[in-house]
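Encoded as structure tokens, the structure appears first; notes follow it.
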Amino acid sequence: MDVRVCLHLRDLKAMARRLENLGLGAEAYLDPGLLYEDELFWNIPPLSLPLSVHLPFWNLDLLSPDPEVAGLTLRRLLFGLERAVELGADRAVLHSGIPAGRTPEEALERAPVFAEALRPVVRRARALGVALFLENTHEPDPASLKVVLEALPELGFCFDSSHAQVFSRTPLPEPWLALAPDHLHLNDHDGAYDRHWNLGWGIGHHEDWLGGFLEATLVLEVRGDPTPSLRWLEGFLDQTLTEAL
């Protein structure tokens, strides 16, 4: 099972050995303010743990009406992939940049244009040997993501059920799971805000659907100590195995 803990880029070097000893991988957030700090990328010893990265996303949008922002977004994503390779990452996650509050019709209209804008990033990821995953964020439903994923078959889907429940108009997981995610961001919430709580602390009810997706990469994307989420996951796996016997 591929379980990874989300952490800040600055903490990767210090936490790598501990995670390796626990049989865990990591997902490092590429803080855009640190992308040009070469020492963070060049002075990390070779890592044997599975590693993915979360590409920069704050205020970025490939389809921004401001051409300066759109151009900056493309440069940030492409450079983030270069940094991912320097770290030895095998996967990278990105956001579509869709603004909050868009209607289903607006999201669908945007989807094919976004797919074309994203194509250079997908091409670069393939050339670098990094699997690329698009995460649901403020999409009102999965329909627009389906258009993008069908247009770019090499692009995978990262499912965050908390985003679906807090941000979208489609809170149930099943329509999103129909997109066959192979990368999962796991965290809990209170129903109103994207809290990034530990599993079991909120109302996310991951136990209702997670059992069918244990072969995906599971990323504990929680704030603070992830130990409660690891314990929750261990208990869930024990129960799942017991019920299967």
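Numbering-wise, full-length UniProt numbering puts 50 at position 50 of the sequence shown, and it's gapless, one number per residue. Built from N, CA and C at the ideal position, the CB exists for glycine as well.
Any idea which residues DSSP pairs residue i with across the strands?
i      : result
His138 : BP columns for His138 are empty, so no partner.
Gly25  : Arg4
Leu55  : The partner list for Leu55 (beta bridge, DSSP) is empty, contrary to what the question assumes.
Phe133 : Val93, Gly156
What residues in its chain sit with their C-beta under 7 Å from that of residue i, if we drop five residues either side in the sequence?
i      : result
Pro112 : Val147, Ala151
Glu116 : none
Would you kindly report the start and end of the unbroken beta strand (DSSP E) that includes residue i?
i      : result
Asp160 : 156-160
Apply the 10 Å Cβ neighbour rule to residue i and answer buried if 16 or more other Cβ atoms are within range, or exposed otherwise.
i           : result
Thr242      : exposed
Glu27       : buried
Trp232      : buried
Glu135      : buried
His185      : buried
Asn187      : buried
Ala180      : exposed
Ala192      : exposed
His54       : buried
Gly212      : exposed
residue 267 : The requested residue 267 is not part of the displayed model; the chain covers only 1 to 245.
His8        : exposed
Under 6 Å Cβ to Cβ from residue i, same chain only, skipping five residues before and after it: list those, please.
i           : result
residue 261 : The displayed coordinates of the chain run from 1 to 245. Any statement about residue 261 would go beyond what the structure contains.
Of all the options the options, which has the alpha carbon lying nearest to the alpha carbon of residue i?
i      : options                      : result
Phe114 : Ser64, Thr103, Ile44, Ser168 : Ser64
Leu177 : Leu35, His206, His54         : His206
Ser144 : Arg169, Ser168, Glu109       : Glu109
Lys13  : Met1, Gly71, Pro32, Ser48    : Ser48
If you follow the alpha helix (DSSP H) that residue i is in, where does it begin and where does it stop?
i      : result
Leu19  : 12-21
Leu214 : No alpha helix (DSSP H) contains Leu214, which DSSP labels as neither H nor E.
With a threshold of 8 Å, establish whether the CB of residue i neighbours any heavy atom of the ligand SAM.
i      : result
Leu108 : As presented, the structure is devoid of all ligands, the ligand SAM included, so that no description of it is given.
Quick one: what's got a C-beta closer than 8 Å to residue i's C-beta in the same chain, skipping five residues either side?
i     : result
Trp42 : Glu86
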